[in-house]
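For what it's worth, our numbering labels the leading residue of the sequence shown as 99, then goes sequentially.
Scroll down for the structure; my scribbles are underneath it.
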Amino acid sequence: MRSSRIYLYILGIMVALSACGGGGETLNFASIGEASNVREGITGKWKLTSKKVEGKKVAIRDCEQDNTLSIQGDGAYVSDNGVTQCDNTETNDVGTWSLSDNDRELTFTGNETTKTLQLKGISKTELMIETSIAKGGKTQTEIHIYTKIQ
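Below is the structure:
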């Protein structure tokens with residue numbers, strides 16, 4: 099449960115970044131490869147600022163407001179759940195990340211699970227990801243938009 103929340107958070111950040119049109123220079127996926135601007139641009143500390151479920155904008159829960167995602171240039175990441183927890187079993191998630199499919203897929207391999215997300219957009223200040231989440235016997239698409247805070 100907690101790991102899917104982490105990945106939803108990550109997904110929201112990525113989706114938000116690609117949905118924003120004026121927040122910086124957009125990187126062109128077609129012209130860059132694995133060791134390119136995507137890898138450099140994705141590193142940093144990110145905060146979820148917007149998310150959509152099945153194309154509809156949804157509110158970011160209070161317990162997600164202080165969450166951050168640190169994507170490091172050495173291939174490591176830390177998903178910090180902040181002080182306000184969504185449930186009392188939450189712990190921070192740490193692990194490694196990698197890009198694949200011509201820098202269009204972002205995979206997080208953490209201490210709880212491995213999750214591959216679709217990288218939909220990236221700029222100097224925003225990141226947008228998309229994922230499919232199974233809930234109640236149905237699969238729903240979520241888009242997360244993140245803003246770079248460091």
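Virtual Cβ for every residue (Gly too), placed ideally from N, Cα, C.
E152 is classed as exposed because its beta carbon has fewer than 16 other beta carbons within 10 Å across all chains shown.
Secondary structure note for I140: its alpha helix (DSSP H) is the uninterrupted segment 135-140.
Residue pairing for A174: DSSP places it in a beta bridge opposite T194. Per DSSP, the continuous beta strand (DSSP E) segment holding E228 begins and ends at 224-233. With contacts defined by Cβ atoms closer than 7 Å, T141 and D164 do not form a contacting pair.
Between the C-alpha atoms of T245 and N209 there is a straight-line separation of about 24 Å. With 16 or more other Cβ atoms inside 10 Å of its own Cβ, N179 counts as buried. G139 is classed as buried because its beta carbon has at least 16 other beta carbons within 10 Å across all chains shown. Each residue's CA atom was taken as its position, placing L197 and N186 some 32 Å apart. Residue G219 holds the alpha-carbon nearest to the alpha-carbon of I243 among G219, G234, I231, K233. Its chain contains V176, S177, D178, N179 as the residues whose beta carbon lies nearer than 7 Å to that of N190, once the 5 sequence neighbours on both sides are disregarded; these appear in chain order. Contact check for K145 and T166: beta-carbon distance about 6 Å, within the 8 Å limit, so the pair qualifies.
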